[in-house]
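Residue numbers (my numbering): 3 to 269. Every residue gets a Cβ at the ideal spot worked out from N, C-alpha and C, and that includes glycine. Here's the structure, in structure tokens; my notes come after.
Right, here's the structure in full:
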């Protein structure tokens with residue numbers, strides 16, 4: 003049971019940050035997971051009045067406010083135009099539309115949950131997080147930081163000519179993923195780079211970068227070798243949804259499909 007003593011709707015981000023430094027204070031997002039826990043919260047801090055609920059397209063970046071909902075992410079036409087259906091695919095299995103209308107992007111990223119589709123997808127892109135006190139850092143760095151009392155303001159995706167694919171395996175349609183995989187490729191400093199993230203291992207998502215030069219007409223056997231090489235570089239664990247060996251096998255299959263799809267688009 004979640005017990006809350008005080009509720010404050012912050013008027014400024016400075017006020018929210020100061021309030022959050024107290025040991026028993028918590029930042030309120032969509033409260034989809036927080037409300038399911040057992041905790042006593044002295045002060046619950048609401049960020050909904052701070053204008054952090056917009057997705058903005060700038061010259062070189064997409065800026066996604068921490069209070070944007072997963073449904074906004076799913077329906078954003080600008081993101082769809084830039085990255086195809088990948089981002090929408092990453093969130094469409096998350097419970098249902100009602101849930102996605104409340105769950106926030108900031109909560110999904112800041113929580114660094116092992117089961118997070120959102121974290122897995124955005125980690126493969128050229129993504130940064132903007133923190134009130136910690137400044138702007140790469141998402142791949144933020145993922146491995148210990149939790150603290152900073153406040154996540156926005157998620158920043160740098161634009162670029164990239165191809166993006168996302169797939170997951172679930173035991174049932176709206177269940178947590180057994181495994182989740184994202185593949186992104188693009189030209190970086192004149193060389194083709196492949197960025198591969200695997201989440202729900204069941205540990206939190208991890209990122210791998212490969213400088214592969216895969217020909218567009220690569221055979222299925224060649225693609226399978228690349229997928230196997232990538233899948234082998236991640237570690238996997240066992241829980242009620244699957245064994246470590248099963249997860250590695252699934253990751254290899256999904257990565258092969260995603261690489262094949264990217265190459266087929268180029269032909």
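Per DSSP, what are the beta-bridge partners of residue i in this structure?
i           : result
residue 133 : 137, 154
residue 48  : 11, 30
residue 58  : 65
residue 4   : 41
residue 196 : 187, 212
residue 166 : 186
residue 149 : Residue 149 pairs with nothing; no bridge assigned.
residue 159 : 64, 129
residue 179 : 172
residue 201 : 182
From residue i to residue j, what does the alpha carbon distance come to, in whole angstroms?
i           : j           : result
residue 117 : residue 17  : 32 Å
residue 163 : residue 25  : 44 Å
residue 19  : residue 141 : 21 Å
residue 195 : residue 213 : 5 Å
residue 224 : residue 96  : 33 Å
residue 248 : residue 199 : 17 Å
residue 73  : residue 66  : 12 Å
residue 240 : residue 202 : 11 Å
residue 170 : residue 112 : 21 Å
residue 179 : residue 189 : 30 Å
residue 266 : residue 14  : 49 Å
residue 276 : residue 251 : There is no way to answer for residue 276, as the model of the chain reaches only from 3 to 269.
residue 129 : residue 245 : 30 Å
residue 145 : residue 166 : 20 Å
residue 84  : residue 157 : 16 Å
residue 36  : residue 192 : 44 Å
residue 78  : residue 59  : 11 Å
residue 131 : residue 138 : 6 Å
residue 227 : residue 220 : 11 Å
residue 235 : residue 21  : 42 Å
residue 197 : residue 264 : 13 Å
residue 86  : residue 44  : 43 Å
residue 161 : residue 134 : 23 Å
What residues in its chain sit with their C-beta under 6 Å from that of residue i, if we drop five residues either side in the sequence?
i           : result
residue 168 : 88, 91, 92, 123, 184
residue 254 : 229, 230, 233
Just to confirm my understanding: we take residue i, look at its own chain, exclude 5 residues before and 5 after, and list those with CB closer than 7 Å. What are they?
i           : result
residue 108 : 31, 68, 69, 154
residue 215 : 194
residue 76  : 90, 93, 94, 102
residue 260 : 167, 169, 183, 185
Among the residues of its own chain, which have a CB less than 8 Å from the CB of residue i, if the five just before and after it don't count?
i           : result
residue 104 : 32, 33, 34, 71
residue 172 : 95, 178, 179, 180
residue 40  : 3, 4
residue 262 : 222, 225
residue 57  : 64, 65, 66, 67, 70, 74, 75, 78, 80, 81
Assuming residue i and residue j make a contact with CB atoms under 8 Å, what is their CB distance in whole Å?
i           : j           : result
residue 217 : residue 243 : Wrong, their Cβ atoms sit about 36 Å apart, outside the cutoff.
residue 99  : residue 110 : With a Cβ gap of about 16 Å, residue 99 and residue 110 do not count as contacting.
residue 206 : residue 114 : 5 Å
residue 181 : residue 63  : Going by Cβ atoms, the distance from residue 181 to residue 63 rounds to 30 Å, so no, they are not a contact pair.
residue 42  : residue 5   : 5 Å
residue 51  : residue 12  : 7 Å
residue 49  : residue 9   : Incorrect: roughly 12 Å between the Cβ atoms, too far for contact.
residue 186 : residue 127 : 6 Å
residue 151 : residue 23  : 5 Å
residue 209 : residue 125 : 5 Å
Beta-carbon of residue i versus every beta-carbon of chain B: anything under 7 Å?
i          : result
residue 64 : The structure shown contains no chain B; it holds only a single protein chain.
Unbroken stretches of the alpha helix (DSSP H), 4 residues or longer, contained in the stretch 101-128: For the stretch 101-128, whole alpha helix (DSSP H) runs of length 4 or above, ordered along the chain, are 107-112, 119-126.
Every unbroken alpha helix (DSSP H) within the stretch 220-268, with a cutoff of 4 residues, ordered by chain: Counting only unbroken stretches of 4 or more residues, the alpha helix (DSSP H) elements lying wholly within the stretch 220-268 are 222-233, 246-268, in sequence order.
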